[in-house]
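Chemist: Can you read through this structure? Questions will come right after.
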Amino acid sequence: MVTPTGDLHGNLEKLKSELHKIKMPISKFEEQKVRQGDPAAFLPILHYSLISFSKPLAREIVENNYELNGKTDLRFLESVWKLLRELVNYKPALSVNQFLSQGFAERKILTVCDIVALCRQRHSELLRQAGKHAGKRRPIGHSAGIPSAHIWDGDPLGTQRAFRRPTYGDPL
482 MVTPTGDLHG NLEKLKSELH KIKMPISKFE EQKVRQGDPA AFLPILHYSL ISFSKPLARE
542 IVENNYELNG KTDLRFLESV WKLLRELVNY KPALSVNQFL SQGFAERKIL TVCDIVALCR
602 QRHSELLRQA GKHAGKRRPI GHSAGIPSAH IWDGDPLGTQ RAFRRPTYGD PL
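So the sequence shown is numbered by this note's numbering: it starts at 482 and just counts up by one.
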């Protein structure tokens, strides 16, 4: 997924676009520090992408026994790199130590762009899966697998009472 380097400004714009797509608060983005390759500017982006952006994604991360909260920067990044390798077969271009050092600005931008895109993609997949498992809504009178003819005596289609809830005295 990593694209070639050489266009710091263009890749910075790509990162801004990715962050806009996940609705990351602009207050967490420090452009000057990102341009310098300061790791402190990238860690909040990773944290937001993996933990705050998507509840289904955060739930999946926890269910797969990856703990990202309450860790030092080093341990957090080691867990993120492990998660990326094991869950999505993505190997970042930078090592944990390189990512935590000053510099490598463009490589960090590209890596974070990839991670944000992977988070968005996985979020969409999880929502699609949840939609498939939710099932379709049943029409009135088909709850509990009972045909409407048994619920609405004398009105098999339920047209006369379809918009009224059955009361205590209604025949079943």
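Note that beta-carbon positions come from the ideal geometry of N, C-alpha and C, so glycine has one too. This one's a predicted model, so the numbers in the text were calculated from it and none came from an experiment.
1) Could you check how far apart the C-beta atoms of E499 and V597 are, in whole angstroms? I think they sit under 8 Å.
2) Would you tell me roughly how many angstroms separate the C-alpha atoms of Q517 and K613, rounded to the nearest one?
3) Is it buried or exposed for D488, if we count other Cβ within 10 angstroms and need 16 for buried?
4) Closest to P520 by CA distance: which of L575, H501, K536 and N545 is it?
5) Measuring only from the beta carbon, is A598 closer than 6 Å to any heavy atom that is part of the ligand NAP?
6) Under the three-state reduction of DSSP, which class applies to S498: helix, strand or coil?
7) Tell whether a beta-carbon distance below 7 Å holds between P705 and L607.
8) Let me know the secondary structure DSSP gives V539 once reduced to three states.
9) Counting C-beta neighbours from all protein chains within 10 Å, is the total for A625 16 or more, i.e. buried, or is it exposed?
10) Identify whether I632 lies in helix, strand or coil by the three-state DSSP scheme.
11) Let me check understanding here. Comparing Cα to Cα, which of R566, L555 and D595 lies closest to L581?
12) Residue range of the alpha helix (DSSP H) that Q579 falls in?
13) Hey, could you find the ends of the alpha helix (DSSP H) L558 is sitting in?
14) Check Y547 in the structure and name its three-state DSSP category.
15) Grouping DSSP H, G and I as helix and E and B as strand, with all else coil, what is F523?
16) Can you give me the Cβ contacts of H706 inside the same chain, cut-off strictly under 6 Å, excluding the 5 residues immediately before and after it?
17) Using 8 Å for Cβ pairs, my map puts I507 next to S530. What's the rounded Cβ distance?
Modeler: So, from the listed chains and residues:
1) Position 18 of the sequence shown, counted from the start, is the residue given in the question as residue 499. Position 116 of the sequence shown, counted from the start, is the residue given in the question as residue 597. Sure, about 4 Å apart at Cβ, within 8 Å.
2) Sequence index remark: in the sequence shown, residue 517 carries index 36 (1-based). Sequence index remark: in the sequence shown, residue 613 carries index 132 (1-based). The alpha-carbon atoms of Q517 and K613 are separated by roughly 44 Å.
3) Position 7 of the sequence shown, counting from 1, holds the residue named residue 488. Residue environment: D488 is assigned as exposed (fewer than 16 neighbouring CB atoms within 10 Å of its CB, all protein chains considered).
4) Taking the sequence shown and counting its residues from 1, the one referred to as residue 520 is at position 39. Ranking L575, H501, K536 and N545 by Cα distance to P520 puts L575 first.
5) Absence of the ligand NAP is noted for the structure shown, with no ligands found whatsoever.
6) Residue mapping note: residue 498 aligns to position 17 of the sequence shown, counting from 1. In the three-state reduction of the DSSP assignment, S498 falls in the helix class, which pools H, G and I.
7) Given a span of 482 to 653 for the chain in the structure shown, any question on residue 705 remains unanswerable.
8) The count along the sequence shown starts at 1 and reaches residue 539 at position 58. Sequence check: residue 539 is Ala here, not Val. In this structure, DSSP gives A539 a helical state, which the three-state scheme calls helix.
9) Looking up residue 625 in the sequence shown gives position 144. Confidence is the limiting factor: at A625 the pLDDT is only 46, short of 50, which leaves the residue's position unreliable, though a coordinate-based value still follows. Per the 10 Å Cβ criterion, exposed.
10) By one-based count along the sequence shown, residue 632 stands at place 151. In this prediction, I632 has a pLDDT of 38, which is less than 50 and means its spatial position is unreliable; nothing more can be read from the coordinates.
11) Counted from its first residue, the sequence shown places residue 581 at position 100. Nearest to L581 by alpha-carbon distance, out of R566, L555 and D595, is L555.
12) As a position in the sequence shown, residue 579 is number 98, starting the count at 1. Looking at the DSSP string, the run of the alpha helix (DSSP H) that includes Q579 is V577 to L581.
13) For the purposes of this step, residue 558 is taken as residue 77 along the sequence shown, with counting starting at 1. Here the alpha helix (DSSP H) through L558 covers D554 to V569.
14) As a position in the sequence shown, residue 547 is number 66, starting the count at 1. Residue state, collapsed to three classes: coil.
15) For the purposes of this step, residue 523 is taken as residue 42 along the sequence shown, with counting starting at 1. Residue state for F523 is assigned as helix, using DSSP reduced to three classes.
16) Since the displayed the chain opens at 482 and closes at 653, residue 706 lies outside it and no answer follows.
17) Position 26 of the sequence shown, counted from the first residue, corresponds to residue 507. Position 49 of the sequence shown, counted from the first residue, corresponds to residue 530. That belief does not hold up - the Cβ atoms of I507 and S530 are roughly 15 Å apart, past 8 Å.
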